[in-house]
Amino acid sequence: MLSSTLILGLVLGGSYALVAVGMTLQYGIARIMNLAYGEFIILAAFATYLLFGSLGISPIVALLIIPVIAFGLGVALFQVMMRPLVTRAGGSGRLEVDSILATFGLLFVLQGVMLLAFGGNYTSYGFLDQGVNVLGTTLAANRLLAFALSIGLAGGLFALLQFSRWGLALRAVALAPGSAALVGLNMRRIAALGFGLGTALAAAGGVTVSMFQTFSAHDGVLFTMKALVIVIMGGVGNVLGALVSGLLLGLMETAVARWVDPGLTLAATYILFLAVLLWRPEGLFGKAAGR
Amino acid sequence: MLEIQNLTIRYGRHLAVDNVSMHVAKGETVALLGANGAGKSSVLNAIGGRVRPASGLISLDGRDLAALPDHRIVEEGVALVPEGRGVFGPLSVEENLRLGAMPRRARTGAAEAMDEIYALFPRLAERRRQAVRTMSGGEQQMVAIGRALMSRPDYLLLDEPSLGLAPIVTEELFAALHRIRSRGLAILLIEQNVRLGLGMAERAYLMTSGRITGEDSSARIATDPRLAETFLGRTGTA
Numbered sequence: 002m003l004s005s006t007l008i009l010g011l012v013l014g015g016s017y018a019l020v021a022v023g024m025t026l027q028y029g030i031a032r033i034m035n036l037a038y039g040e041f042i043i044l045a046a047f048a049t050y051l052l053f054g055s056l057g058i059s060p061i062v063a064l065l066i067i068p069v070i071a072f073g074l075g076v077a078l079f080q081v082m083m084r085p086l087v088t089r090a091g092g093s094g095r096l097e098v099d100s101i102l103a104t105f106g107l108l109f110v111l112q113g114v115m116l117l118a119f120g121g122n123y124t125s126y127g128f129l130d131q132g133v134n135v136l137g138t139t140l141a142a143n144r145l146l147a148f149a150l151s152i153g154l155a156g157g158l159f160a161l162l163q164f165s166r167w168g169l170a171l172r173a174v175a176l177a178p179g180s181a182a183l184v185g186l187n188m189r190r191i192a193a194l195g196f197g198l199g200t201a202l203a204a205a206g207g208v209t210v211s212m213f214q215t216f217s218a219h220d221g222v223l224f225t226m227k228a229l230v231i232v233i234m235g236g237v238g239n240v241l242g243a244l245v246s247g248l249l250l251g252l253m254e255t256a257v258a259r260w261v262d263p264g265l266t267l268a269a270t271y272i273l274f275l276a277v278l279l280w281r282p283e284g285l286f287g288k289a290a291g292r
Numbered sequence: 280m281l282e283i284q285n286l287t288i289r290y291g292r293h294l295a296v297d298n299v300s301m302h303v304a305k306g307e308t309v310a311l312l313g314a315n316g317a318g319k320s321s322v323l324n325a326i327g328g329r330v331r332p333a334s335g336l337i338s339l340d341g342r343d344l345a346a347l348p349d350h351r352i353v354e355e356g357v358a359l360v361p362e363g364r365g366v367f368g369p370l371s372v373e374e375n376l377r378l379g380a381m382p383r384r385a386r387t388g389a390a391e392a393m394d395e396i397y398a399l400f401p402r403l404a405e406r407r408r409q410a411v412r413t414m415s416g417g418e419q420q421m422v423a424i425g426r427a428l429m430s431r432p433d434y435l436l437l438d439e440p441s442l443g444l445a446p447i448v449t450e451e452l453f454a455a456l457h458r459i460r461s462r463g464l465a466i467l468l469i470e471q472n473v474r475l476g477l478g479m480a481e482r483a484y485l486m487t488s489g490r491i492t493g494e495d496s497s498a499r500i501a502t503d504p505r506l507a508e509t510f511l512g513r514t515g516t517a
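If you're matching them up, the sequences are chains A and B in order. With the numbering used here, you'll find the first sequence wraps up at 292, consecutive numbering, no jumps. With the numbering used here, you'll find the second sequence wraps up at 517, consecutive numbering, no jumps.
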């Protein structure tokens, strides 16, 4: 019972972590709090559904295609929609407010397009749904695969940020944007790349989540809210924090659903959120005056 | 040659730099002296692309630096160590130095450059993995200078490297700067400690309220009592 809750919780948390890492990157590097983030997750889920359903392309292959397209889409979106805001803000905190308003609008545009294209009903597809035994717990194979992919991707991203030259540049911009130009880093180019990378991660999250969960055109907001909670809990802009908080939230929700009441998972999410914020307002891994 | 002609900088209605002209030749060390608020940092920040001049020319061997975006300046061979250092505090010494080698001009030979910097500042070699923000002010200044050197600059701009440092640390830092100078790169140095500044520089400019009010060789300033009065007297902390 305990081990099954643990395993199911980690599996759910893996997807949360992957999704939240992308959002925290967008904020940390591009300074854009993207409220339309969840829409990209759902968009990717529908894309996977289409590729699998009508073209017979496996979701695993889709995981290689869709995030790449999403990266391009994210960069383009940044150049067209965010760049004027960045220019107007001129490095001030105004960008945060402006970007929240702009992406809030984008949320409804994307949601409207998806409602038109796919309707408002729940969608799912059958992929690897036979059971697999993991330490005495029976788990759908698609969930297990989604977990492995999520952890692999999030871990890979963390390694990329920590050990590559490119990752070092991204972290430097996130930590001290004012010093980036001193070492020849082009802030705007890196912000666009960071935003694209975040969009690619949202898409990767959408592909993996669609493997085991039903979704509808309305669901983007739910993902955005959860990702926000995880990002803030982990310390805004902190990749490791988002990873750990994502796993923690998955465990929490599964435990509450199992032992308390499935209807209280959302309430539990916010109780955990509040508790963390009361205890450490800067987030679990946040630095009080880091910037 | 790094050349500034009729540079004027305004912050809103405040005139910070008023029609300043100066130059630094290749391999030359020049000190920019003057009281707080005289506009010295504004001149350096304008060269480094951090401040947009209202008018005037900044050129390097005839190329217009003021027309370039800020991140391109270091690519041209001009590295700025700004006031407050601008280090990446949460990152380690080594990561800060690696970032210094980001410009295209510095990518080959970055490993050798890093060894040279560790030889120049042995304290940094002992603290490669330490987060820079946990280090002393002097050590952070060494990181900032080391990072600037990683870009293999022809011109190094230093904004008050001794600010807030203990005398013994300042001495160590300037010993290293003397060694850096002997490698042949040009240095433009703002220094509130006039004796230290003149000890380093071949030539010095004096700035008062946004204008250049004096210019002479360090040797002449040191020996001519009237010049000494002008340069040392007005700047105070000698």
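We put the beta carbon where it would ideally sit given N, CA and C, even for glycine.
Query, Result
"Burial state of A:Gln-163 (16 or more Cβ within 10 Å)", "exposed"
"Separation of B:Arg-289 from A:Leu-111, as counted between CA atoms", "45 angstroms"
"Cβ shell of A:Gly-152 (< 7 angstroms), same chain only, five flanking positions each side left out", "It should be noted that the sequence gives Ile, not Gly, for residue 152 of chain A. If we look at A:Ile-152 and ignore the five residues flanking it on each side, its Cβ neighbours are Gly-15."
"Any C-beta of chain A under 8 angstroms from that of B:Phe-400", "no"
"Any C-beta of chain B under 8 angstroms from that of A:Asn-239", "no"
"Partner residues on chain A for B:Gly-365, Cβ-Cβ distance less than 8 angstroms", "Ala-177, Gly-179, Ser-180 and Leu-183"
"Exposure of A:Phe-109, with buried meaning 16 or more beta-carbon neighbours within 10 Å", "exposed"
"Buried or exposed by the 16-neighbour rule on C-beta atoms within 10 Å, applied to A:Gly-75", "buried"
"8 angstroms Cβ cutoff met for A:Ala-192 and A:Ala-46", "no"
"Pair within 8 angstroms by beta-carbon distance, A:Val-237 and A:Ile-42", "no"
"Min CB distance A:Leu-161 to chain B below 8 angstroms", "no"
"Any C-beta of chain A under 8 angstroms from that of B:Pro-369", "yes"
"Simplified DSSP assignment, three categories, for B:Ile-491", "strand"
"Any chain A beta carbon closer than 8 angstroms to B:Glu-374", "yes"
"Closer than 9 angstroms at the beta carbon, the chain A residues around B:Val-353", "Ala-182, Leu-183, Val-184 and Gly-185"
"A:Ala-201 and A:Ala-71 closer than 8 angstroms at C-beta", "yes"
"Pick from B:Ser-496, B:Thr-487 and B:Arg-505 that is closest to B:Gly-316, judged by C-alpha positions", "B:Thr-487"
"Chain B residues whose Cβ lies nearer than 7 angstroms to that of A:Ala-170", "Met-381"
"Residue environment, B:Thr-449, which counts as buried when at least 16 other CB atoms sit within 10 Å", "buried"
"A:Gly-132 in three-state terms, based on DSSP", "strand"
"Residues near B:Gly-493 in its chain [Cβ-Cβ closer than 6 angstroms; skip 5 each side]", "Leu-485 and Thr-509"
"Contacts of B:Gly-328 in chain A (Cβ-Cβ under 7 angstroms)", "Ala-182"
"DSSP-derived helix/strand/coil call for B:Gly-313", "strand"
"Proximity below 8 angstroms, CB of B:Arg-329 to CB of A:Val-184", "no"
"Whole-Å CB distance - A:Gly-251 paired with A:Leu-11, under 8 angstroms assumed", "6 angstroms"
"4 or more residues per run - each alpha helix (DSSP H) lying fully within the stretch 328–393 of chain B", "349–352 and 372–379"
"Inter-residue Cα distance where the pair is B:Asp-349 and A:Ala-182", "6 angstroms"
"For B:Glu-554, three-class secondary structure by DSSP", "Chain B is shown only over 280 to 517; residue 554 of chain B falls outside these bounds and no answer can be derived."
"Buried versus exposed call for B:Gly-515 [16 or more other C-beta atoms within 10 Å across all chains shown]", "Residue confidence is low: B:Gly-515 scores 46 on pLDDT, short of 50, so the model does not pin down where it sits. Its coordinate-derived value is still stated next. Exposed, because fewer than 16 other Cβ atoms sit within 10 Å of the Cβ of B:Gly-515."
"6 angstroms Cβ shell around B:Val-482 - same chain, five flanking residues per side excluded", "A quick correction: the sequence has Arg, not Val, at residue 482 of chain B. So the qualifying residues of the chain are Val-309 and Ser-496."
"C-alpha gap between B:Leu-464 and B:Arg-408, whole angstroms", "29 angstroms"
"Own chain residues within Cβ distance below 8 angstroms of A:Leu-129, not counting five before or after", "Ala-141, Ala-142, Asn-143, Leu-146 and Met-212"
"Coil, strand or helix - A:Glu-254 by DSSP", "helix"
"Beta carbon proximity, B:Asp-394 to chain A, threshold 8 angstroms", "no"
"Proximity to B:Leu-436 [Cα-Cα], best of B:Asn-324, B:Gln-284 and B:Ala-314", "B:Asn-324"
"Cα-Cα separation between B:Thr-502 and B:Phe-400, rounded to whole angstroms", "33 angstroms"
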